[in-house]
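One structure is given below, encoded as structure tokens.
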Amino acid sequence: MNIVKAENLTYEYIRRDEDGNVEGITTAVDDVSLRVKQGDFVAILGHNGSGKSTLAKHINAILSPTEGTVWVDGKDTRDEEEIWNIRQTAGMVFQNPDNQIIGQVVEEDVGFGPENIGVPTEEIWERVTESLRAVGMYQFRKYSPNKLSGGQKQRVSIAGVLAMHPKCIILDEPTAMLDPNGRKEVIRAVRGLNQVEGVTVILITHYMEEIIHADKVFVMDRGKIAMEGTPREIFSQVEKLKALRLDVPQVTLLAYNLQKKGVPLPDGILTTEEFVKALGL
Amino acid sequence: MLRDITLGQYYQTESVIHRLDPRVKLGGTLVFIISLFLFKNFWGFAVAAVFLGIVIGLSKVPFKFMVRGMKSILFLLLITVGFNLFLTQGTPIFTVWKLSVTWEGLRLALTMAVRLSLLIIGSSVMTLTTTPNNLTDGMERMLRPLKVFKVPVHEVAMMMSIALRFIPILLEETDKIMKAQIARGADFESGNLIRRAKALVPLLVPLFISAFRRANDLAMAMEARCYRGGEGRTKMKPLIYQKRDYLAYVCLAGYLAVSIGVGRLLPLGAVFYTF
Amino acid sequence: MSIIIDHVNYIYGEGTPLATKALNDICLTIPDGQFIGIIGHTGSGKSTLMQHLNGLAKATTGHIYFNGEDIYDSDYDMKKLRSKVGLVFQYPEHQLFEIDVFTDVCFGPKNLGLDRREVELRAYEALEKVGFPKELFYQSPFELSGGQKRRAAIAGVLAMEPEVLILDEPTAGLDPKGRDEILHQIKKLQKESGMTILLVSHSMEDVAEYVDRIIVMNKGSVMFDDTPREVFHHYKELEEVGLSAPQVTYIMHALREKGLNVDTDVTTIAEAAKEILKYYS
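Residue numbers (this note's numbering), protein chains in the order written: chain A, 3 to 283; chain B, 6 to 280; chain C, 2 to 282.
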């Protein structure tokens, strides 16, 4: 079953100069059609300004398509009546951890979403506890968010979405502002959600290491889907990725360079283990 | 560290006072402050001081902590005392140059000093024992009747609690931008008033832009988490009166009766008297 | 001509109960023209150390000599030091404030009290040095793309014509191509002008690729100070403090374990490819 379905989605916005005159129209998402299967881990790649964030905001009904339709769990995102159901079904985590935490105590922040959708008090506490456990932040429940590291804050944000019991979580560059350890923490938590809790994950990023375990990858460029496939299929096309302002993990690039020099290696090597095996060792 | 500055300076510990409903503490503080202005003699203040002493004892907040809060207002206190001491007409005790200290002035100054000290310590007991969040919650509940008059009580409370969360973040940001501009040769410290005000532009413009960006992000994040105002919201930590809260109200009423009785009616030796 | 850091200690919030030792007996020499990478996880003291180099933070004890003069001498001109040691903070675009890019870049040299022609000349040159497109000179800095904003902000510091340039994670938040472009530009700058560059980075791959020397900070102390080869030789110790080596280093170790007698101190893809080709050609 498809949890997210977009059909010919186009989003345009009008640029205005200082006096409010129309300067031109920018097409941020251009005729995109995609499907996300329930329970999948999907990655959306793309350079800055490729339209990936705009696409993500449609899935959470923050933006509404100029043309085309987006369905979340079968519901049209333009349907005003369903908007809160859609936001509950498809939760969203943003880039800057400081700008999405509302509570002054970790547990209060995680409870914010359930409060908004009218969950009874006792159940809020249950949900907060289980969500914080799921991202490994339970021991920090009484902390002020200001005392946490970036990775920890992002995990709190993820717990905040999880407490609304979504079927799907969209993460819009959740690791862009984190250090390598913070990035690892967050990606580990996200993979856990997907594998243990069975939540569909849509991860938007430009760190290539983070998508190795994805079931499916979409690469965006100029508002369109430029590539689509498994991580291996995507990483097999080193030159094309570079042309799209992206790169590949070092091991993939090394294998690719050796291949060009005549070493018989298969395309799209993703891990060190694969590489060692492929060299016949 | 700038991030450690929090409004209200909550002091984390376990005590009866900490556990009280914020509405009790807000109401109690209000009653206490009003009582201070009703006394006609010294004994009223004595009762108030004893009452406050008991509350402080129960709160387990070290007295040192409260006095520290007083330090910043000491200057204000001294000015008030000084004005009252020198500028009150009456029977002079002694005269220095053109200023004379009168009996009436001395009485008034001492009364003011005692009243202000009790007032400041009294209200700091509230902020020291209540988290800012709890306090906003309490205010929201207490002001709820105003909704009839279309006062956006929930919205105001939400704004206050968001402001409290972002103050430390924006303080740190100010520090960062300031350093970055100093690294580009900016000078925030020398020159006359106009030059200094002008020098703030490179600090304020980025700060405002950042604050607006954060506000925008936050609004989006709140919407994404289904926030749509106070309507239909449940509470994770609802305010429910416990036995101890009712008991506290009774104690408060008792205090009010005794202190007013003593402070206004007893004709005992008026070392202090006012109005 | 160099910077000498002589037994510098820095205690944060001295005299308060929160006092912490942020820098612990740092001794370093930074000669002219080197490209140095500073690594260490968040809170290791690397940013604090950088702020000492241009006088934004003052050592609790110890001395710093810039070109032979003690910067803590009472008659030392701090303003001059700040123009000689340029510091580009993380997300430097957050400090842009003028109506157009060119005026913003003029801010630094103007503060040095130079005449208008000199100020504009320097601003022009600085924007050229960072590869900022001419047609955008008079655009509002707030309408630029992330990468362009970053360049404009770096130019703002370069326009003061510093002898030493410190960059705190200049590539944070940029896409892979944007990261490469900025680092290339910095390398070019260092080669052409002989400027000393200190690059604070979280990316071991970037550091290995570009710098001559790596300083590893941990808990306020210098843990390693050597060439990339030597530093990443200690990858096990780096891991213990939450850091790592570039992925290629791990690949080489994996190959070595399987019996391929490759050099394991390799730190870049080019070196690794050369090494492996010895056995597969």
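Every residue gets a Cβ at the ideal spot worked out from N, C-alpha and C, and that includes glycine.
ask   = What are the boundary residues of the alpha helix (DSSP H) that includes Thr116 of chain B?
value = As a position in the second sequence, residue 116 of chain B is number 111, starting the count at 1. Residues 108–134.
query = With distances taken between CB atoms, is the gap from Gly174 of chain C to Ala178 of chain A smaller than 7 Å?
reply = For the purposes of this step, residue 174 of chain C is taken as the residue at position 173 of the third sequence. For the purposes of this step, residue 178 of chain A is taken as the residue at position 176 of the first sequence. Closer than 7 Å, so yes.
key: Partner residues on chain A for Glu228 of chain B, Cβ-Cβ distance less than 7 Å   = Locating residue 228 of chain B in the second sequence gives position 223, counting from the first residue. What Glu228 of chain B touches in chain A: Ile64.
key: Run of the beta strand (DSSP E) containing Met163 of chain B, from where it starts to where it stops   = Position 158 of the second sequence, counting from 1, holds the residue named residue 163 of chain B. For Met163 of chain B, there is no enclosing beta strand (DSSP E); the enclosing alpha helix (DSSP H) covers residues 158–188.
key: Contacts around Thr136 of chain B, its chain only, beta-carbon distance under 6 Å, and the 5 residues preceding and following it disregarded   = Indexing the second sequence from 1 puts residue 136 of chain B at position 131. Within the same chain, Thr136 of chain B has close Cβ partners Tyr15.
task = Please go through the segment 10–83 of chain A and give each complete beta strand (DSSP E) segment of 3 or more residues, from N-terminal end onward.
result = Scanning the segment 10–83 of chain A from its first residue to its last, the whole beta strand (DSSP E) runs of 3-plus residues come out as 24–39, 43–48, 69–74.
task = For the segment 119–126 of chain A and the segment 176–195 of chain A, state whether three or more C-beta atom pairs, one from each stretch, are separated by less than 8 Å.
result = Judged by Cβ distances under 8 Å, the segment 119–126 of chain A makes no contact with the segment 176–195 of chain A, as fewer than three pairs qualify.
message = Please give me, in chain order, every unbroken run of the alpha helix (DSSP H) with length at least 4 that falls completely inside the segment 210–272 of chain A.
response = Segments of the alpha helix (DSSP H) lying fully in the segment 210–272 of chain A: 233–237, 240–245, 252–262.
query = Which residues in the same chain have their Cβ closer than 7 Å to the Cβ of Val112 of chain A, if we skip the five residues on either side of it in sequence?
reply = Indexing the first sequence from 1 puts residue 112 of chain A at position 110. Closer than 7 Å at the Cβ level, and outside the excluded window around Val112 of chain A, lie Val130, Ser133, Leu134, Val158, Ala161, Gly162, Ala165.
inquiry  = Any contact between the segment 244–251 of chain B and the segment 23–36 of chain B? By contact I mean 3 or more CB pairs, one from each, below 8 Å.
reply    = Yes, the segment 244–251 of chain B touches the segment 23–36 of chain B.
key: Separation of Met117 of chain B from Leu261 of chain B, as counted between CA atoms   = For the purposes of this step, residue 261 of chain B is identified with residue 256 of the second sequence, where counting begins at 1. For the purposes of this step, residue 117 of chain B is identified with residue 112 of the second sequence, where counting begins at 1. The straight-line gap from Cα to Cα measures roughly 20 Å.
request  = Show which residues of chain A have a CB atom less than 9 Å away from the CB atom of Leu239 of chain C.
outcome  = Here residue 239 of chain C is taken as the residue at index 238 of the third sequence, counted from 1. Those within 9 Å of Leu239 of chain C in chain A number zero; the least Cβ separation is about 11 Å.
task = Would you kindly work out how many angstroms separate the C-alpha atoms of Thr274 of chain A and Ala257 of chain A, rounded to a whole number?
result = One-based indexing of the first sequence puts residue 274 of chain A at position 272. One-based indexing of the first sequence puts residue 257 of chain A at position 255. The alpha-carbon separation between Thr274 of chain A and Ala257 of chain A amounts to approximately 10 Å.
key: First through last residue of the alpha helix (DSSP H) which encompasses Asn139 of chain B   = Translated into positions along the second sequence, residue 139 of chain B becomes position 134. That run of the alpha helix (DSSP H) goes 137–147.
Spatial neighbours of Val9 of chain C in its chain, beta-carbon cut-off 7 Å, leaving aside the 5 residues before and after = Position 8 of the third sequence, counted from the first residue, corresponds to residue 9 of chain C. Within the same chain, and ignoring the five residues on either side of Val9 of chain C in sequence, the residues whose Cβ sits closer than 7 Å to its Cβ are Leu24, Ile27, His53, Ala60, Gly63, Ile65.
Short CB-CB distance (under 7 Å) between Lys279 of chain A and chain B = The count along the first sequence starts at 1 and reaches residue 279 of chain A at position 277. Closer than 7 Å: no.
Candidates B:Lys184, B:Ser264, B:Phe91, of which the one nearest Trp102 of chain B by Cα = Walking along the second sequence from the start, residue 102 of chain B turns up at place 97. In this structure, B:Phe91 is the residue among B:Lys184, B:Ser264, B:Phe91 with its C-alpha nearest to the C-alpha of Trp102 of chain B.
query = Taking contact to mean at least 3 C-beta pairs separated by less than 8 Å, is the segment 244–259 of chain A in contact with the segment 68–75 of chain A?
reply = Between the segment 244–259 of chain A and the segment 68–75 of chain A there are fewer than three C-beta pairs closer than 8 Å, too few to call the two in contact.
task = For chain B, find out if any of its Cβ atoms is closer than 7 Å to the Cβ of Asn201 of chain A; answer yes or no.
result = Translated into the one-based positions of the first sequence, residue 201 of chain A becomes position 199. Asn is not the amino acid found at residue 201 of chain A; the sequence shown has Val there. Val201 of chain A does not count as touching chain B.
query = So Phe91 of chain B is in the beta strand (DSSP E); what residue range does that whole segment cover?
reply = Taking the second sequence and counting its residues from 1, the one referred to as residue 91 of chain B is at position 86. Counting along the chain, Phe91 of chain B falls outside any beta strand (DSSP E), though it belongs to the alpha helix (DSSP H) covering 79–92.
task = May I ask you to report which of helix, strand or coil DSSP gives Val263 of chain B?
result = Sequence index remark: in the second sequence, residue 263 of chain B carries index 258 (1-based). Three-state DSSP puts Val263 of chain B in a helix.
message = Against chain C, with Cβ distances strictly below 7 Å, would Lys263 of chain A count as a contact?
response = Here residue 263 of chain A refers to the residue found at position 261 of the first sequence. Chain C contact via Cβ: present.
request  = Tell me where the alpha helix (DSSP H) around Leu216 of chain C begins and ends.
outcome  = Your numbering for residue 216 of chain C matches position 215 in the third sequence. Leu is not the amino acid found at residue 216 of chain C; the sequence shown has Ile there. In the DSSP annotation of this structure, Ile216 of chain C is not part of any alpha helix (DSSP H); the continuous beta strand (DSSP E) holding it starts and ends at 214–219.
request  = Determine the direct distance from the alpha carbon of Arg146 of chain B to that of Lys47 of chain C, and round the result to whole angstroms.
outcome  = As a first step, residue 47 of chain C must be located in the third sequence, where it is residue number 46. As a first step, residue 146 of chain B must be located in the second sequence, where it is residue number 141. Cα to Cα, Lys47 of chain C sits roughly 48 Å from Arg146 of chain B.
task = Kindly indicate which three-state DSSP category Asn10 of chain C falls into: helix, strand or coil?
result = Translated into the one-based positions of the third sequence, residue 10 of chain C becomes position 9. It is a strand residue.
message = With H, G and I counted as helix, E and B as strand and the rest as coil, what does DSSP make of Gly282 of chain A?
response = Counted from its first residue, the first sequence places residue 282 of chain A at position 280. Residue state, collapsed to three classes: coil.
request  = Can you grab the Cα-Cα spacing for the pair Ser195 of chain B / Ala127 of chain C, in whole Å?
outcome  = Here residue 195 of chain B corresponds to residue number 190 of the second sequence, with the count starting at 1. Here residue 127 of chain C corresponds to residue number 126 of the third sequence, with the count starting at 1. Looking at the two C-alpha atoms, the distance is approximately 28 Å.
inquiry  = I need the DSSP call for Phe99 of chain B, collapsed to helix, strand or coil.
reply    = Residue mapping note: residue 99 of chain B aligns to position 94 of the second sequence, counting from 1. The answer is strand: DSSP assigns Phe99 of chain B an E or B state.
task = Name the two residues that bound the continuous beta strand (DSSP E) containing Leu173 of chain A.
result = Here residue 173 of chain A refers to the residue found at position 171 of the first sequence. Start and end: 170–174.
inquiry  = Rounding to the nearest angstrom, what Cα-Cα distance links Leu115 of chain C and Ser66 of chain A in this structure?
reply    = For the purposes of this step, residue 115 of chain C is taken as the residue at position 114 of the third sequence. For the purposes of this step, residue 66 of chain A is taken as the residue at position 64 of the first sequence. Their backbone Cα atoms lie some 52 Å apart in a straight line.
query = From the beta carbon of Ile10 of chain B, is the nearest beta carbon of chain A less than 7 Å away?
reply = Residue mapping note: residue 10 of chain B aligns to position 5 of the second sequence, counting from 1. Reliability fails at Ile10 of chain B, whose pLDDT of 40 lies under 50, so the model's placement of it is uncertain and no value is given.
query = So what's Met6 of chain B in DSSP terms, helix, strand or just coil?
reply = Walking along the second sequence from the start, residue 6 of chain B turns up at place 1. Residue confidence is low: Met6 of chain B scores 37 on pLDDT, short of 50, so the model does not pin down where it sits. Its coordinate-derived value is still stated next. In the structure shown, Met6 of chain B falls within a coil segment according to DSSP collapsed to helix, strand and coil.
Residues near Leu41 of chain B by beta carbon distance below 7 Å, same chain, minus five either side = For this step, residue 41 of chain B is matched to residue 36 along the second sequence. Excluding the 5 residues flanking it on each side, Leu41 of chain B has same chain C-beta neighbours closer than 7 Å at Ala53, Arg120, Leu123, Leu124, in chain order.
request  = In the DSSP assignment, find the alpha helix (DSSP H) that holds Ile31 of chain C and state where it starts and stops.
outcome  = Counting from 1 along the third sequence, the entry for residue 31 of chain C is found at position 30. Unbroken run through Ile31 of chain C is the beta strand (DSSP E), 21–32; no alpha helix (DSSP H).
query = Does the segment 195–209 of chain A come close enough to the segment 167–176 of chain A to have 3 or more Cβ pairs within less than 8 Å?
reply = Yes: the two stretches touch, three or more of their Cβ pairs being nearer than 8 Å.
Pairwise C-alpha distance: Ala51 of chain B and Tyr92 of chain C = Start at 1 with the first residue of the third sequence, and residue 92 of chain C comes out as number 91. Start at 1 with the first residue of the second sequence, and residue 51 of chain B comes out as number 46. Tyr92 of chain C and Ala51 of chain B: Cα-Cα distance of roughly 58 Å.
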